[in-house]
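Residue numbers (the working numbering): 98 to 323.
Single-structure report; data block below.
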């Protein structure tokens, strides 16, 4: 399907961009981040019991082995960091155990991003700006992803209610652009927006490409898809 190809191309684009940001950088885990991760492990044992806690602890040891022990010879490479982050995201997603592994992953990512924020190197400053932009675009993409992956034969309409539901499902991760767009859809658009194969893509591209919700960004996008 056309949407499937587009979604795959966007995932590859994000993958390439994140690799470009981190590939030339080395990642070291701070003692503070390691301590916070140990607290996550303790919470997992308390809330999940021995079996669940052990799974979370093993993932912490994996991070520790990959990064902290690598520190004897130098920090882990950015490419290995990216692989580690992706692998952690795949550990029992949507489960209680996955939630705690996700907290470990969040601490790892936050620590890596903090290293860019505290750097005065011009390359790191530029990488941080690109990272912020890419994270925002990725959050927008994840908001729309389920709307564009429908069962075969389902109507390919993007409804205001559907967008509103997708934004709410993302919770605090939903960007302000999509929150504003969903609110406008709820109050102004009463009918589904027919998707002839490109409108859904045009909607997402408007914001994935950096379009905003002000007149210069949102209104042309709505006019295109209406």
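We put the CB at the ideal spot given by N, CA and C, even for glycine.
As the structure is a computational prediction, the values presented were derived from the model and not from experiment.
Query - Residue closest to residue 189, alpha-carbon to alpha-carbon, out of 172, 104, 224 and 156 - result: 156
Query raised in the report: How is residue 250 classed by DSSP in three states: helix, strand or coil?
Result: Low confidence applies to residue 250: its pLDDT is 45, below 50, so where it sits in the model is not reliable enough to give any reading.
Query raised in the report: When we look at the beta-carbon of residue 294 and count the other beta-carbons within 10 Å, is it buried (16 or more) or exposed?
Result: Annotation note: pLDDT 49 at residue 294 (below 50); position unreliable, coordinate value reported separately. Exposed, since its Cβ has fewer than 16 Cβ neighbours within 10 Å.
Report task. Within its chain, find whatever has a CB closer than 7 angstroms to the CB of residue 174; leave out the 5 residues flanking it on each side and keep chain order. Result -> 123
Query raised in the report: Taking Cβ positions, are residue 231 and residue 267 nearer each other than 8 angstroms?
Result: no
Query - Exposed unless 16 or more other CB atoms sit within 10 angstroms - verdict on residue 147 - result: exposed
Requested in this report: Starting from the C-beta of residue 181, find all residues in its chain whose C-beta is less than 6 angstroms away, skip the five residues before and the five after it, and write them out in chain order.
Outcome: 163
Query - Given residue 126 as reference, the closest of 212, 273 and 242 once Cα atoms are compared - result: 212
**Report entry** Local conformation of residue 217 per DSSP, three classes
**Finding:** coil
**Report entry** Contacting residues, own chain, Cβ-Cβ under 7 angstroms from residue 242 (five flanking each side not counted)
**Finding:** 104
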